[in-house]
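Colleague: Using our numbering, the first residue of the sequence shown is number 13, and each one after it goes up by one.
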Amino acid sequence: LFSPFYNMVNAPVSNPNVVPATILSDSVLRCTTPSVTCSGMFDVSVALNGYDFHSDGAPPAGGPALHFEFYPSPQLQLLEPLGGPITGFTTVITRGVGLKIYAENPMCKFGPGTD
């Protein structure tokens, strides 16, 4: 049975917090968060048909809903030192607001390049 919706789940246009999701396998979905106006914990739910959203956690018997935390973008205020040799390997300390530690891998980017 072929479905035109197998690779892309279409989201209703009327809700800016609903975004398209790409089905990567029968157990993996990928979506990109929308822009929101405030930080905090948000329930995450999915709809495979575009309108019946489900947020149950993993079995058995469901579980608590899963949450995603939106946090303010980091704001850099100070770099120490302000320069170093072109050969690299200068240790740079950055100070700022919103540099909270998360499970992701924090990184620094120097100059333009591919994001």
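Idealized CB from N, CA, C, for every residue including glycine.
This one's a predicted model, so the numbers in the text were calculated from it and none came from an experiment.
Just the C-alpha distance for V48 and F101, rounded to the nearest angstrom, thanks.
Modeller: 37 Å
Colleague: Just how far apart, CA to CA, sit L36 and G75?
Modeller: So the alpha carbons of these two residues sit roughly 23 Å apart.
Colleague: Any chance the region 91 to 101 sits against the region 50 to 64, with 3 or more Cβ pairs inside 8 Å?
Modeller: no
Colleague: Report, in whole angstroms, the separation of the C-beta atoms of V31 and P46, which I expect to be a contact under 8 Å.
Modeller: 5 Å
Colleague: Determine the direct distance from the alpha carbon of P118 to that of G96, and round the result to whole angstroms.
Modeller: 21 Å
Colleague: For L41, collect the residues of the same chain with a Cβ closer than 8 Å to its Cβ; drop the 5 residues on either side in sequence, then sort them by chain order.
Modeller: V21, A33, T34, I35 and V58
Colleague: So the beta strand (DSSP E) H79 belongs to, where does it begin and stop?
Modeller: H79 to F82
Colleague: Any idea what DSSP makes of E92, helix, strand or coil?
Modeller: strand
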